[in-house]
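What follows is a single structure, written as structure tokens, with notes after it.
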Amino acid sequence: MPEPKKERNLTVEQALTEQDFREAYLAMRNIAYPKRRRGIQAGLCLTAAGLAATMIPLSQSQLHTAAPPCAVAGVFLLLAAAVWFFQPVLRGRRAGRIFRSNRLMPLKTQMTLLHDRVLQKSRYERSERYWTEFSFCASTPRLFVAMGGIGRNLWILRKEGLSEEKKEEAEKILSAAFGRRYYRMDGKRR
Amino acid sequence: MDSKTEPVNVNFAITREDAVHIRAAQAELAMRGFYRVAARVLGACFLAAAVALASIPALRRTYRWACAAAAVCGVSLLFLWQPLLKTVVMAGAAEDFEAGRFGTPARAVRFSPQAVEFRAERYEAAIPYDMLWLAYEDKNVLLLYPGIGECHAVPKRALSKRELEAVNRLLTDRMRQKFLQEGAREWTK
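Protein chains in written order, with the working numbering: chain A, 1 to 190; chain B, 191 to 379.
Structure (structure tokens):
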């Protein structure tokens with residue numbers, strides 16, 4: 001009779017920092033909402049500005065003024081510049097605000113990663129979350145991040161402090177659990 | 191409430207109606223303060239601009255389109271934006287509940303003098319009141335926020351009048367300005 005397959009598991013302890021959370025938050029937003037990336041949004045604004053500019057001759061012939069399309073084009077140009085320069089700053093600030101508001105997040109937490117779920121235990125909380133509760137998982141240069149679920153919707157595992165062996169083990173567990181929903185940070189599916 | 195006071199235990203299961211009430215309260219909380227005032231001020235400015243443009247004949251003729259646009263923006267921001275947003279949020283809540291996105295329905299919450307304890311199928315916590323970010327109460331639910339975007343809800347139908355009073359006293363005493371009640375101003379507490 002074949003021996004039952006040994007279940008992979010990995011136990012780690014970590015305390016998150018604001019920098020970790022900011023990085024995870026920005027990475028997750030880029031993957032979860034590709035249409036809200038600054039390049040896409042600024043591009044849409046520039047397209048709208050271009051379309052408004054094409055209305056100038058029509059406006060001049062019908063309304064005897066080019067003011068309305070010029071105003072609309074100007075607004076969209078300004079919006080494109082604002083999105084390009086300020087979106088990352090504002091998102092980073094929001095991530096910082098979320099992290100600082102939650103005093104449970106920076107606490108030291110023990111995590112046990114299993115093939116189908118993660119067990120978490122800190123001074124005040126104890127939880128069990130199945131990987132199927134999350135929408136997807138990503139591996140960034142410094143973190144493993146999963147998004148989705150009910151309640152705290154970012155799960156973060158720091159790579160810093162993990163031995164190469166543990167990193168590999170975590171990657172094997174997560175890539176097997178998430179399958180096609182496991183992303184590298186270059187945006188390609190594994 | 192002193193440390194010898196009996197804790198309040200609440201056991202409940204989230205229903206579809208609760209889900210709608212929870213989202214409505216969350217939306218109400220999100221639209222408090224700056225956003226609400228900003229929408230009203232902006233709406234009033236748009237309406238004032240529309241009236242100003244309409245009352246000056248020379249401008250009215252040239253900028254009829256701007257006058258109409260300003261009037262539409264003003265009316266939308268002053269009268270339509272909030273009810274519309276709330277309706278959309280409540281419709282989404284019912285849909286999310288049907289899809290099981292409100293988590294485990296059966297939950298227990300215990301308000302003890304030192305901490306608020308949560309128990310659900312795969313989650314347990316005992317969080318001291320000073321670790322909570324915010325508490326909010328409206329006529330249907332009590333929301334307890336460990337942080338922005340993370341919320342534990344307690345439907346008030348699961349509490350007796352006496353229990354609700356005890357919980358209110360406890361939250362007012364322990365959380366002070368961090369306990370917001372619908373219709374109450376923070377500086378009066």
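Don't be surprised by glycine CBs; every beta carbon is placed ideally from N, CA and C.
All values derive from a computational prediction rather than experimental measurement.
Need the endpoints of the alpha helix (DSSP H) that residue i sits in, please.
i         : result
Ala-289/B : Here Ala-289/B belongs to no alpha helix (DSSP H), and DSSP marks it neither H nor E.
Pro-88/A  : 67–101
Lys-351/B : 351–365
Tyr-59/A  : Looking at the sequence itself, residue 59/A is Ser, so the reference to Tyr does not match. Residues 56–63.
Ile-31/A  : 18–32
Arg-178/A : It is worth fixing the name first, because residue 178/A is Phe in this sequence and not Arg. Phe-178/A -> alpha helix (DSSP H) spans 164–178.
Have a look at the options and flag the residue whose alpha-carbon is nearest the alpha-carbon of residue i.
i         : options                                       : result
Pro-106/A : Gly-92/A, Lys-121/A, Ala-53/A and Glu-128/A   : Lys-121/A
Val-265/B : Ala-238/B, Ser-245/B, Gly-233/B and Ala-256/B : Gly-233/B
Leu-162/A : Ala-146/A, Arg-94/A, Gly-151/A and Pro-141/A  : Pro-141/A
Asn-201/B : Arg-359/B, Ala-256/B, Gly-290/B and Lys-346/B : Lys-346/B
Leu-354/B : Met-365/B, Lys-368/B, Val-331/B and Ile-338/B : Val-331/B
Phe-369/B : Phe-287/B, Ala-325/B, Pro-247/B and Arg-250/B : Ala-325/B
Ala-310/B : Gly-293/B, Ser-245/B, Gln-371/B and Gln-304/B : Gly-293/B
Pro-273/B : Ala-316/B, Ala-229/B and Asn-199/B            : Ala-229/B
Arg-180/A : Glu-165/A, Gly-151/A and Ser-135/A            : Ser-135/A
Ala-305/B : Tyr-319/B, Met-221/B, Trp-255/B and Gln-216/B : Tyr-319/B
Ala-73/A  : Met-55/A, Ala-82/A, Glu-18/A and Asp-20/A     : Met-55/A
Ala-95/A  : Leu-26/A, Arg-8/A and Gln-14/A                : Leu-26/A
Met-28/A  : Glu-164/A, Glu-168/A, Asn-153/A and Lys-167/A : Asn-153/A
Ile-212/B : Leu-270/B, Ala-248/B and Glu-340/B            : Glu-340/B
Ile-98/A  : Phe-21/A, Ala-177/A, Met-185/A and Leu-16/A   : Phe-21/A
Arg-300/B : Leu-267/B, Arg-250/B, Gly-290/B and Ala-343/B : Ala-343/B
Leu-104/A : Tyr-130/A, Arg-126/A, Glu-165/A and Leu-113/A : Arg-126/A
Met-321/B : Arg-158/A, Ser-101/A and Ala-66/A             : Ser-101/A
Val-210/B : Ile-317/B, Phe-308/B and Arg-291/B            : Arg-291/B
Thr-17/A  : Ala-49/A, Gln-60/A, Ala-146/A and Leu-157/A   : Leu-157/A
Arg-93/A  : Glu-23/A, Ala-71/A, Gln-62/A and Lys-167/A    : Glu-23/A
Between which residues of its own chain and residue i is the CB-CB distance below 7 Å, once the five residues before and five after are set aside?
i         : result
Leu-174/A : Cys-137, Phe-144 and Tyr-182
Glu-128/A : Arg-117 and Leu-119
Ala-217/B : Leu-275, Lys-276 and Val-279
Asn-30/A  : Arg-37
For residue i, does the count of other Cβ atoms within 10 angstroms reach 16, so buried, or fall short, so exposed?
i         : result
Pro-336/B : buried
Arg-190/A : For Arg-190/A, the predicted structure reports a pLDDT of 47, less than 50, and the residue's modelled location is therefore unreliable. A value from the coordinates is still provided. So Arg-190/A ends up on the exposed side.
Lys-351/B : exposed
Arg-297/B : buried
Leu-58/A  : exposed
Gly-148/A : buried
Ser-139/A : buried
Tyr-225/B : exposed
Trp-323/B : buried
Arg-364/B : buried
Thr-109/A : buried
Glu-327/B : buried
Leu-78/A  : exposed
Thr-132/A : exposed
Glu-64/A  : Rather than Glu, the amino acid found at residue 64/A in this sequence is His. His-64/A should be labelled exposed.
Val-83/A  : buried
Trp-255/B : exposed
Val-89/A  : exposed
Glu-165/A : exposed
Tyr-253/B : buried
Val-231/B : exposed
Ile-246/B : exposed
Since residue i sits in a beta bridge, which residues does DSSP pair it with?
i         : result
Val-241/B : Beta-bridge pairing links Val-241/B to no other residue.
Ile-317/B : Val-306/B
Met-111/A : Val-12/A and Gln-120/A
His-211/B : None; His-211/B has no bridge partner.
Arg-203/A : The question about residue 203/A has no answer, for chain A in this structure spans 1 to 190.
Pro-345/B : Val-331/B
Cys-137/A : Ala-146/A and Tyr-182/A
Ser-127/A : Gln-120/A and Tyr-313/B
Tyr-225/B : Its beta-bridge partners do not exist; DSSP assigns none.
Phe-236/B : Phe-236/B is not bridged to any residue.
Val-200/B : Val-299/B
Gly-339/B : In the DSSP output, where bridge partners are listed per residue, Gly-339/B has none listed.
Leu-324/B : Tyr-335/B
Given residue i, which residues of its chain have a CB within under 6 Å of its CB, disregarding the five upstream and five downstream residues?
i         : result
Ala-261/B : Ala-240
Arg-375/B : The pLDDT assigned to Arg-375/B is 46, lower than 50, so where the model puts this residue is not dependable; a value taken from the coordinates is nonetheless given after this. Once the five neighbours on either side are set aside, Arg-375/B has no close Cβ partner at all.
Glu-169/A : Leu-10
Glu-307/B : Arg-300 and Ala-316
Name the two residues that bound the continuous beta strand (DSSP E) containing residue i.
i         : result
Leu-370/B : 369–371
Arg-251/B : Premise fails: Arg-251/B lies in the alpha helix (DSSP H), 247–252, not in any beta strand (DSSP E).
Arg-297/B : 296–301
So, at 8 Å on beta carbons, what are the nonlocal neighbours of residue i in its own chain, with the 5 sequence-adjacent residues on each side left out?
i         : result
Phe-85/A  : none
Glu-13/A  : Lys-108, Thr-109, Gln-110 and Met-111
Ile-338/B : Trp-323
Is residue i near the ligand NAP, in the sense that its beta carbon is under 7 Å from a heavy atom of that ligand?
i         : result
Cys-263/B : Of the ligands one can find in the structure shown there are none, so the ligand NAP has no counterpart to examine.
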